[in-house]
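Worksheet for the structure shown next.
Protein chains: 2
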Amino acid sequence: MNDLVRPETRADIRPDVPLGRRSPHSKTRVLVADRNVIIRIGVRAILERTPGVAVVAEATTYDAVLDAVDEHGPDVLVIDLDLGDDTTRGLQLCEEITNRYPQTKIMILASALSEFVVVDAMRRGVTGYLLKDDVKADELGKAVKTVQDGEVVMGKGIGNLVAHSLGSNREIGEHVTDRELEVLKLCSRGLSNKQIASSIYVTESTVKFHLQNLSRKLGAHRRAELVHKATAAGLL
Amino acid sequence: MNDLVRPETRADIRPDVPLGRRSPHSKTRVLVADRNVIIRIGVRAILERTPGVAVVAEATTYDAVLDAVDEHGPDVLVIDLDLGDDTTRGLQLCEEITNRYPQTKIMILASALSEFVVVDAMRRGVTGYLLKDDVKADELGKAVKTVQDGEVVMGKGIGNLVAHSLGSNREIGEHVTDRELEVLKLCSRGLSNKQIASSIYVTESTVKFHLQNLSRKLGAHRRAELVHKATAAGLL
DNA sequence: AGGACACCTAGCCATATAGACAGGTAACAG
DNA sequence: CTGTTACCTGTCTATATGGCTAGGTGTCCT
């Protein structure tokens, strides 16, 4: 959909600089993506008081992120995945960026902690995950420089979460399909299986099937719990 | 419904200044309360670029808000009610402040839109309600000055929500009791009525009773919807 | 003393749901 | 061609839930 920049193009920009070993005089160039102005201004303010870091652009939509990465080739993308109504789209975006612009490191600055999203994000090449509510002002600047050097940064508790997730018997990061998400949303709005079935033109059996798969993937046993966990996972 | 602020009280403090007609040279003194650093810095940055507005302090807990109001006597308190794990506490705080420091206007800067909270807040003397995700940078500064002048500021959609709420047959701002909240939390964790009953030592009938009251108060018809709306209302 | 309220209980009944089974289709990649 | 994946359908049963009506207790306020 947007095949703008190929690696060679980027090599033209910084041909002589190995990743993570840039000159100390060149600043870490950051792109901030969040739909919330307050957060953007806040992150910008924090980062710009950090020596060696500069915010080069801001973005508020997934498309704008791609454009901005293409245009500015930032060293670090600080992003909240909740840029549209579909977190999956954000995860895809991360994968796309790590593939096409490997020198741009991605650090997620999330509103909520979601095992589901964290694990999926790590898989797709994201190297930082911090929680807005947990970060201290100075941590943010340090974290940006750390991920630029290719290291992984995780907010407190997140590392444990991932470890725990890896150790659990349940399949990690199992993908939630579009159809499942559709059913889930209707379910959260209080529709019965029958009502969901008729509104998406399938049988009640199918609805139950999807809900059962969702329950397994999220580790829930009742729809109330399902909605709760899905919300925590940022699916709703 | 709001007979809190007596003119005399105000006259004692600034005897010569009619409301909304303060000297253009005195700045609007703002206290920012939010548990999130990024938000605090962001709001501060935005407000300080607004002429006539100055941020005098920040707070991150309910207690700190009271102390800071006491110490600085700000003109406007910009607050996210989600300062602890209990939103109700935040609402009580608002009432306390409007009672004890009537010259301090309160503007809520919320993460999520909750009819429940909005209505309750208005009752307790809050005069502004904006959504973090919706505000534009310049709106925030204007809103602060507007609430200082004693006017009510509501983010787009919120006014309609309140109007709709007032027009609905359902009782608005009905209080959710502690017991109901307790049941709700267990419900959201996927426990059946029977399990909830045994874990709080009541009968299943009682659990159903509480859940039914909750459903009525929040306008839900299924537990999945109940959990969804309760989450949106900041109860979970 | 009377009223308002949180809280608890009981029983009824239709319907919804969880959880398990066994299977079919289409698209797509190795 | 074969395996994988998303998606869809069906049948079965025990249990959970929603919606209702009709009570009880104690506490606190007026």
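Taken in order, these protein sequences are the chains called L and D.
Positions 370 to 605 (the numbering used here) are the ones given, in order, by the first sequence.
Positions 370 to 605 (the numbering used here) are the ones given, in order, by the second sequence.
Each residue gets a CB set at the ideal place from its N, CA and C atoms; glycine is no exception.
query: For D/Cys556, which residues from the same chain have a beta carbon less than 8 Å from its beta carbon, with the 5 sequence-adjacent residues on both sides left out?
result: Walking along the second sequence from the start, residue 556 of chain D turns up at place 187. Hits under 8 Å: Ile565, Leu580, Arg592, Leu595 and Val596.
message: Residues of chain D with CB closer than 8 Å to the CB of L/Asp547, please, in chain order.
response: Working through the first sequence from its first residue, we reach residue 547 of chain L at position 178. None at all; the shortest Cβ gap to chain D is about 20 Å.
query: Just to confirm, are L/Ala479 and L/Leu553 a CB contact at a threshold of 7 Å?
result: Within the first sequence, numbered from 1, the residue matching residue 479 of chain L stands at position 110. Within the first sequence, numbered from 1, the residue matching residue 553 of chain L stands at position 184. Contact: no.
field: L/Val486, enclosing alpha helix (DSSP H) - first and last residue
entry: In the first sequence, residue 486 of chain L corresponds to position 117, counting from 1. Element bounds for L/Val486: Glu484 to Arg492.
query: Alpha carbon to alpha carbon, how far is D/Glu440 from D/Leu462?
result: Your numbering for residue 440 of chain D matches position 71 in the second sequence. Your numbering for residue 462 of chain D matches position 93 in the second sequence. Rounded to the nearest angstrom, the two C-alpha atoms are 16 Å apart.
- prompt: How would you list, in chain order, the residues of chain L whose beta-carbon sits under 7 Å from the beta-carbon of D/Asn405?
  reply: Against the second sequence, residue 405 of chain D aligns to sequence position 36. Neighbours of D/Asn405 on chain L, chain order: Lys501 and Asp502.
message: For a test of the three-state rule: what should DSSP assign to L/Thr575, helix, strand or coil?
response: Reading the first sequence from its first residue, position 206 is the one you call residue 575 of chain L. DSSP places L/Thr575 in helix when its eight states are reduced to three.
field: Validate contact between the region 560 to 579 of chain L and the region 518 to 532 of chain L using beta carbons, cut 8 Å, 3 pairs
entry: Segments in contact, no.
- request: Please look up how many angstroms separate the CB atoms of D/Val445 and D/Thr397, rounded, as I've assumed it's under 8 Å.
  value: Position 76 of the second sequence holds residue 445 of chain D. Position 28 of the second sequence holds residue 397 of chain D. At roughly 6 Å, the Cβ-Cβ gap stays under 8 Å, so D/Val445 and D/Thr397 are in contact.
- prompt: Mind checking whether D/Val424 and D/Leu435 have CB atoms under 7 Å apart?
  reply: Translated into the one-based positions of the second sequence, residue 424 of chain D becomes position 55. Translated into the one-based positions of the second sequence, residue 435 of chain D becomes position 66. Not closer than 7 Å, so no.
- request: List the residues of chain L that D/Lys563 touches, going by C-beta distances under 9 Å, in chain order.
  value: Taking the first residue of the second sequence as position 1, residue 563 of chain D is located at position 194. None at all; the shortest Cβ gap to chain L is about 12 Å.
query: Short check: CB of L/Val422 to CB of L/Val513, under 7 Å?
result: Your numbering for residue 422 of chain L matches position 53 in the first sequence. Your numbering for residue 513 of chain L matches position 144 in the first sequence. Their beta carbons are under 7 Å apart, which means L/Val422 touches L/Val513 by this criterion.
- request: Can you grab the Cα-Cα spacing for the pair D/Ala506 / L/Lys577, in whole Å?
  value: Within the second sequence, the letter at position 137 stands for residue 506 of chain D. Within the first sequence, the letter at position 208 stands for residue 577 of chain L. Computed Cα separation, rounded: 45 Å.
query: Three-state secondary structure (DSSP) at D/Tyr431?
result: Counting from 1 along the second sequence, the entry for residue 431 of chain D is found at position 62. Three-state DSSP puts D/Tyr431 in a helix.
- request: Using a Cβ cut-off of 8 Å, pull out every chain L residue sitting near D/Cys556, in sequence order please.
  value: Within the second sequence, numbered from 1, the residue matching residue 556 of chain D stands at position 187. The contacting residues are Ala593.
- prompt: Going by beta carbon distance, what residues of the same chain come within less than 7 Å of D/Ile466, once the five residues before and after it are set aside?
  reply: Locating residue 466 of chain D in the second sequence gives position 97, counting from the first residue. Taken in chain order, the residues that qualify are Val438, Leu446, Thr473 and Ile475.
- request: Give the residues of chain L in contact with D/Ile415, contact being defined as C-beta atoms less than 8 Å apart.
  value: Within the second sequence, residue 415 of chain D is the residue found at index 46, counting from 1. Residues of chain L passing the Cβ test: Val406, Ile407 and Ile410.
- prompt: Under the DSSP definition of a beta bridge, which residues are partnered with D/Ala437?
  reply: For this step, residue 437 of chain D is matched to residue 68 along the second sequence. DSSP lists no partner for D/Ala437.
task: If I'm right that D/Ile407 touches L/Lys511 with Cβ under 8 Å, what's the distance once you round it to whole angstroms?
output: On the second sequence, position 38 is the one that residue 407 of chain D refers to. On the first sequence, position 142 is the one that residue 511 of chain L refers to. Wrong, their Cβ atoms sit about 15 Å apart, outside the cutoff.
query: Is there at least one Cβ from chain D nearer than 7 Å to L/Ala426's Cβ?
result: On the first sequence, position 57 is the one that residue 426 of chain L refers to. Not closer than 7 Å to any Cβ of chain D, the Cβ of L/Ala426 fails to qualify, so no.
message: Going by DSSP in three states, D/Arg398 sits in which element: helix, strand or coil?
response: In the second sequence, residue 398 of chain D corresponds to position 29, counting from 1. DSSP places D/Arg398 in strand when its eight states are reduced to three.
- prompt: If we ignore side chains and look at the alpha-carbon of each, how far apart do L/Thr575 and L/Gly411 end up?
  reply: Position 206 of the first sequence, counted from the first residue, corresponds to residue 575 of chain L. Position 42 of the first sequence, counted from the first residue, corresponds to residue 411 of chain L. Going by C-alpha positions, L/Thr575 is about 46 Å away from L/Gly411.
- prompt: Any C-beta of chain D sitting closer than 7 Å to the C-beta of L/His607?
  reply: Given that chain L is displayed from residue 370 to residue 605, the structure contains no residue 607 of chain L and the question cannot be resolved.
message: For chain L, check one thing: does any of its Cβ atoms lie closer than 7 Å to the Cβ of D/Thr600?
response: As a working mapping, residue 600 of chain D is identified with position 231 in the second sequence. Interface residue, yes.
- prompt: Who are the neighbours of D/His597 on chain L, taking C-beta pairs under 8 Å?
  reply: Taking the first residue of the second sequence as position 1, residue 597 of chain D is located at position 228. The contacting residues are Ser557, Arg558, Gly559, Val596, Thr600 and Leu605.
message: Between which residues of its own chain and L/Glu520 is the CB-CB distance below 8 Å, once the five residues before and five after are set aside?
response: On the first sequence, position 151 is the one that residue 520 of chain L refers to. Result list for L/Glu520: Thr496, in chain order.
query: Going along chain L, which residues have a C-beta under 9 Å from D/Lys514?
result: Within the second sequence, numbered from 1, the residue matching residue 514 of chain D stands at position 145. Within 9 Å Cβ-Cβ: nothing; D/Lys514 doesn't reach chain L, min ~17 Å.
- prompt: Does the Cβ-Cβ distance between L/Leu460 and L/Arg493 come in under 7 Å?
  reply: Start at 1 with the first residue of the first sequence, and residue 460 of chain L comes out as number 91. Start at 1 with the first residue of the first sequence, and residue 493 of chain L comes out as number 124. Yes, the pair counts as a contact, with Cβ atoms nearer than the cut-off.
- prompt: Between the Cα of D/Val571 and the Cα atoms of D/Glu551, D/Leu499, D/Ala601 and D/Leu587, which residue gives the shortest distance?
  reply: Translated into positions along the second sequence, residue 571 of chain D becomes position 202. D/Val571 has its Cα closest to that of D/Glu551, out of D/Glu551, D/Leu499, D/Ala601 and D/Leu587.
query: Does any CB atom of chain L fall closer than 7 Å to the CB of D/His590?
result: Your numbering for residue 590 of chain D matches position 221 in the second sequence. Using a CB distance cut-off of 7 Å, D/His590 counts as an interface residue toward chain L.
message: Can you check which of these residues, L/Asp489, L/Arg418 and L/Arg404, is closest to L/Ala433 by C-alpha distance?
response: Taking the first residue of the first sequence as position 1, residue 433 of chain L is located at position 64. The residue from L/Asp489, L/Arg418 and L/Arg404 with its alpha-carbon nearest to that of L/Ala433 is L/Arg404.
Chain D within 7 Å of L/Ala437, Cβ atoms only: Within the first sequence, the letter at position 68 stands for residue 437 of chain L. Chain D places no beta carbon closer than 7 Å to that of L/Ala437, leaving this residue out of the contacts.
task: Indicate whether D/Leu604 and D/Glu549 have their beta-carbon atoms separated by less than 7 Å.
output: As a first step, residue 604 of chain D must be located in the second sequence, where it is residue number 235. As a first step, residue 549 of chain D must be located in the second sequence, where it is residue number 180. Contact flag unset, no.
field: Proximity of D/Pro471 and D/Val399 at Cβ, strictly below 7 Å
entry: Looking up residue 471 of chain D in the second sequence gives position 102. Looking up residue 399 of chain D in the second sequence gives position 30. Taking 7 Å as the cut-off, the Cβ atoms of D/Pro471 and D/Val399 do not count as close.
- prompt: L/Asp489: buried (16+ other C-beta within 10 angstroms of its C-beta) or exposed?
  reply: Residue 489 of chain L sits at position 120 when you count from the first residue of the first sequence. So L/Asp489 ends up on the buried side.
query: What is the rounded straight-line gap between the Cα of D/Arg418 and the Cα of L/Ile569?
result: Within the second sequence, the letter at position 49 stands for residue 418 of chain D. Within the first sequence, the letter at position 200 stands for residue 569 of chain L. If you take the alpha carbons of D/Arg418 and L/Ile569, they lie about 50 Å apart.
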